[in-house]
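Residue numbers (the working numbering), protein chains in the order written: chain A, 2 to 455; chain B, 1376 to 1617; chain C, 91 to 255.
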């Protein structure tokens, strides 16, 4: 992945993406399909009421998060899981690696977890001599390709079937096919062997339930279930804001998450896993570890961006975003793309890294409209832009232009002068290579509207 | 009745004919128009860039220009009207005196189609026209002001013109204020996509309530060499006064 | 909603998610539905833990104790949920939940008395000490990771049949 100390060059990334016609066609197909399916899936339901309820529930949890985390830890431990608190990415990686090393495990199967991408787990484990096999089809594809996910729900959506076919033929040595059913069959065969021989499975969790100490995983393929019930060791990594109070609260999320993500009423599988295997049971890991990741979230909770932590990682905002639609996820150069990605990258990785990402929004508001938990994304993006200015991270030219603009807006005389100067100097301004910016605007008129009516 | 017209900086500087059309339109319905001198810009460009200090300056000036006047404030722009109605009070949330002034100004403010439909009932009178028209629903007008039906009611009341719905009408055209300047490649790609949907309707005219959007769409039309006309809704309606 | 209405809703929603629901009134019809569903199977696993599972008749030469290599698993679901057309499998009582995951076909039998109307009805009934694994299964396994083209039957079963008795 990119050097974490330098800022993400969004404009250059976007320009590259725009020249990739395969990518553009893939993004157009995917985002249109998802937005249509989501709209159909919510049409007959009291969506506003649901959104308000889950938003209120998420805020309640955030208000009492440390109590809920404590309660979860107690109940998870009671059910036989070992709970570890990881302050940051490094701590989480080290905890997971040491659990695996303690068991002399050199190969693990993994089901999709965005938070594991956030902590760059796979690269670290690889360096520590542990092979990670991604088992979600999209993650499997990008792992073979050596890329990161470009969407938080469908990680390989930027690739078309021919690209996947070529990739499999080259890297897996199978016969070329561009039929998704055949390609899925290839992955299924390879991964089944992995599942059956795996000594450990790593998963994320969509939610963690405080009252019962359970984790909840939504999947369609069945790989999540394979990773969490076949191996004798199961490690879960999840971030602390994923807590919900009790199992009775789960249905509200079941109704909103799949609909918002893929337009499905519910995913094919939904597993509620509570601790390790009990005597008399035939299902469950013998040993279960839950790594609770903070990585900056406690800092965010008390601040003005706390509502971002309501996010349930559905991806609806990505699908609705005109910019994301155009350029896909890799242009954002970060774990999380799209509107939620801009906010999270700024909050988790800092403004020095993320400041260019703040350009990647037209503030159209489509994201805020579709968020199932009412994260006020446009408001948060605006605030981050203001923060960017306060931190002096916009270009000097822009700051000077805005300062001049400020003076003109306050003084009619300067404003009129500016308009006249604009009219007169327009040919020269265009000559400064500003064709793509100011050059796309018409020339200021000779006689302004004010002059015509006064 | 008498209203106060805020022309907007784009109209004043680049599209004065829209301002003139707005005046013709309102006068036709018996409205007297005041045009407070000293008006400049609502401050939206600064606000969207995160320049809070500069947008406050613009807001203070706007408020000082209009507070001495009476009657509704009418603005032929969704983004400017939303700036005044939604963002001005927010800008002064820590200044009770200014906040109160901002709220009064906000409550007097109407976007043009809001005023035409809710106050003047202009859609009941209807208009005249010809050709095939489609409508781009700009973002702040649609999502921040929740003005969705009003432009449609007005356009559908044009006798002789065929109104056709634009697919994905409320999808962003890529203007986004400073976005157009900071990410021009993406802005142009979005405008191209918007133009594709416009061309799919077979319309000869595309209209909307915001010159920022119309300017961006107009640029796409120019680059494509298309014959589609771009007109502000004020101009469309002013051409068809009964 | 009456239990009859709940059952009808379940049948409707299960059909929508391609769970091939069949309702049977008596033991004869039950075995026939089972035989139909298992017609093409050559190796069948059944946990034989619940009473109804023990009553399932399977030809001896087709029965296997190995759910990993079996072509079908036939078992009783703990419950079903009408709102979504889902089956619920729990690890309670020694049931191997993964047995329904590995074979290519899953035949689930469920008592009409164990069908809950809504997700809330089911989840409020679980209590604070759930068994190690509760899995809701709604239709066959699927993916759309390649170009959003739907493929049915990935790691989990590609075919799910539900017999309501």
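A virtual CB, placed ideally from N, CA and C, is assigned to each residue, including glycine.
If you check the CB distance, residue 70 of chain A and residue 170 of chain A do not come in under 9 Å.
Only 196, 197, 212, 213, 215, 221, 222, 223 and 224 from the segment 196-225 of chain A bring a Cβ to less than 8 Å from some Cβ of chain C. When CB distances to chain A are screened at a threshold of 7 Å, the residues of the segment 1489-1523 of chain B falling below it are 1514, 1518 and 1519, in chain order. Against chain A, a Cβ distance below 7 Å from residue 218 of chain C picks out 212 and 213. Annotation: residue 440 of chain A to residue 1598 of chain B spans about 12 Å, alpha carbon to alpha carbon.
Between residue 1581 of chain B and residue 1511 of chain B, the gap from beta carbon to beta carbon is short of 9 Å. Between residue 336 of chain A and residue 415 of chain A, the alpha-carbon positions lie close to 46 Å from each other.
Around the CB of residue 29 of chain A, fewer than 16 other CB atoms lie within 10 Å, so the residue is classed as exposed. Look at residue 1455 of chain B here: in three-state DSSP terms it is helix. Residue 1429 of chain B belongs to the set of residues whose beta carbon lies under 9 Å from a beta carbon in chain A. In this structure, the alpha-carbon of residue 418 of chain A lies about 21 Å from that of residue 1439 of chain B. Using a Cβ-Cβ cut-off of 9 Å, residue 448 of chain A counts as an interface residue toward chain B, since at least one Cβ of chain B sits closer than that to its own.
The residue among A:116, A:126 and A:204 with its C-alpha nearest the C-alpha of residue 106 of chain A is A:126. Ranked by Cα distance from residue 312 of chain A, the first of A:424, A:445 and A:378 is A:378. With 16 or more other Cβ atoms from the protein chains shown falling within 10 Å of its own Cβ, residue 11 of chain A counts as buried. Remark: C-beta atoms of residue 97 of chain C and residue 176 of chain C do not approach each other more closely than 9 Å. The C-beta separation of residue 365 of chain A from residue 317 of chain A comes to about 14 Å, leaving the pair out of contact by the 8 Å criterion. Under the Cβ distance rule, residue 1424 of chain B counts among the residues neighbouring chain A, one pair being separated by less than 9 Å. Among the bridge pairs identified by DSSP, residue 206 of chain C is matched with C:171. Beyond the five residues adjoining it in sequence on each side, residue 159 of chain A comes within less than 6 Å, by CB distance, of 24, 27, 151 and 329 in the same chain, given in chain order. The beta carbon of residue 237 of chain C sits closer than 9 Å to some beta carbon of chain A. Distance from the CA atom of residue 97 of chain A to the CA atom of residue 110 of chain C, rounded to whole angstroms, is 42 Å.
Restricting attention to beta strand (DSSP E) runs no shorter than 3 residues, the segment 205-251 of chain C encloses them at 223-227, ordered along the chain. Only residues of its own chain outside the window of five on either side were considered, and among them none has a CB closer than 7 Å to the CB of residue 151 of chain C. Taking CB atoms only, residue 388 of chain A has a neighbour in chain B less than 9 Å away.
Taken through DSSP and simplified to helix, strand or coil, residue 1582 of chain B comes out as strand. Counting along the chain, the unbroken alpha helix (DSSP H) around residue 55 of chain A starts and ends at 48-64. Using a 10 angstroms sphere on the CB of residue 1498 of chain B, the tally of other CB atoms reaches 16 or more, which defines it as buried. Beyond the five residues adjoining it in sequence on each side, residue 85 of chain A comes within less than 6 Å, by CB distance, of 96 and 292 in the same chain, given in chain order. Residue 1379 of chain B sits in a strand when the DSSP states are folded into three classes. Taking residue 146 of chain C as the centre and dropping the five residues before and after it, the same chain places the C-beta of 124, 136 and 164 closer than 7 Å to its C-beta, in chain order. Counting along the chain, the unbroken beta strand (DSSP E) around residue 1409 of chain B starts and ends at 1407-1409. A contact between stretches requires three or more CB pairs, one per stretch, nearer than 8 Å, and the segment 1599-1614 of chain B meets this requirement with the segment 1570-1581 of chain B. Assigned with DSSP and collapsed to three states, residue 291 of chain A falls in strand. In the DSSP assignment, residue 99 of chain A falls within the alpha helix (DSSP H) that extends over 90-103. Residue 1554 of chain B reaches chain A at 324, 360, 361, 362, 363 and 364, counting residues in chain order whose Cβ is nearer than 9 Å.
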